[in-house]
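Worksheet: the structure to be examined is printed underneath.
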Amino acid sequence: ALSFAIIGAISFNFILMPIAAFIYVAGVHETQMLQLKGVLKGVTAEQVMRIPVLTVNAGDSVRSVLHTLVSRAIKVIAVLQKERGGLGLVDVESLQNIPEARREQLPVGMIANYDVPLVKLTDSAFSVVEQLASQGPVAIVVNEDGNFKGLIDQEDMVRALSRYGVDESNKA
Numbered sequence: 288a289l290s291f292a293i294i295g296a297i298s299f300n301f302i303l304m305p306i307a308a309f310i311y312v313a314g315v316h317e318t319q320m321l322q323l324k325g326v327l328k329g330v331t332a333e334q335v336m337r338i339p340v341l342t343v344n345a346g347d348s349v350r351s352v353l354h355t356l357v358s359r360a361i362k363v364i365a366v367l368q369k370e371r372g373g374l375g376l377v378d379v380e381s382l383q384n385i386p387e388a389r390r391e392q393l394p395v396g397m398i399a400n401y402d403v404p405l406v407k408l409t410d411s412a413f414s415v416v417e418q419l420a421s422q423g424p425v426a427i428v429v430n431e432d433g434n435f436k437g438l439i440d441q442e443d444m445v446r447a448l449s450r451y452g453v454d455e456s457n458k459a
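Position one of the sequence shown corresponds to residue 288 (the working numbering), numbered consecutively onward.
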């Protein structure tokens, strides 16, 4: 990347400058992902997931669920849809976007996202990071043999990184 930038500047070939920047940014990102993969080596989804997990019923009002999330400082919650046998997720931001006048009558099940990514207890924590980064879901559902076991969101991953992170004394 540095070579492209220098050659581009010397030869007044300014097309090489954005290429150099792109290569640099991609290299930094790849380095960060490799470091993250090293830190999370051997760590499973089970070790990272949040338990116990609070759940709400699909028929609960948006107002009551929003109150639960705010009062417990939770960003995402699992929504159980017993009629369909499904599990969905809803986050604080989605609920806050509902007009105040509709929050009491509207069931949270109407807003929940039921197309949620699933991982198994034994899946690597790094694969969870990749899913959170690429798909942008608010959380990943941990599911084993059709049973809901837990949730993993970005905050859980940050806690895992601080728990399993690189030992500062080993850095050169």
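Ideal Cβ placement from N, Cα and C applies to all residues, glycine included.
Exposed is the label assigned to G452, since fewer than 16 other Cβ atoms lie within 10 Å of its Cβ. With at least 16 other beta carbons inside 10 angstroms of its own, A332 counts as buried. Only residues of its own chain outside the window of five on either side were considered, and among them P404, V406, V415, Q418 and I439 have a CB closer than 6 Å to the CB of I427, listed in chain order.
The residues A365, G437 and L438, in chain order, have a CB closer than 7 Å to that of V340 in the same chain once the five nearest residues on each side in sequence are set aside. Collapsing the DSSP output to three states places G346 in coil. Annotation: L408 to K328 spans about 15 Å, alpha carbon to alpha carbon. The three-state secondary structure of K324, taken from DSSP, is helix.
In this structure, the beta-carbon distance from S381 to I398 falls below 8 Å. Pairing L376 with N344 gives a Cβ-Cβ distance that is not under 8 Å. Shortest Cα-Cα distance from R389 to any of S358, E442, L353 and S411 involves L353. Straight-line measurement puts the Cα of S421 at about 14 Å from the Cα of A412. By the neighbour-count criterion, in which 16 or more other beta carbons inside 10 Å mark a residue as buried, G396 falls on the buried side.
Per DSSP, the unbroken beta strand (DSSP E) holding L376 starts and ends at G373 to D378. Minimum Cα-Cα distance from N384 among the listed residues K369, R350, G373 and S358 corresponds to R350. Annotation: S298 to P386 spans about 58 Å, alpha carbon to alpha carbon. The bridge partners DSSP lists for T331 are S411.
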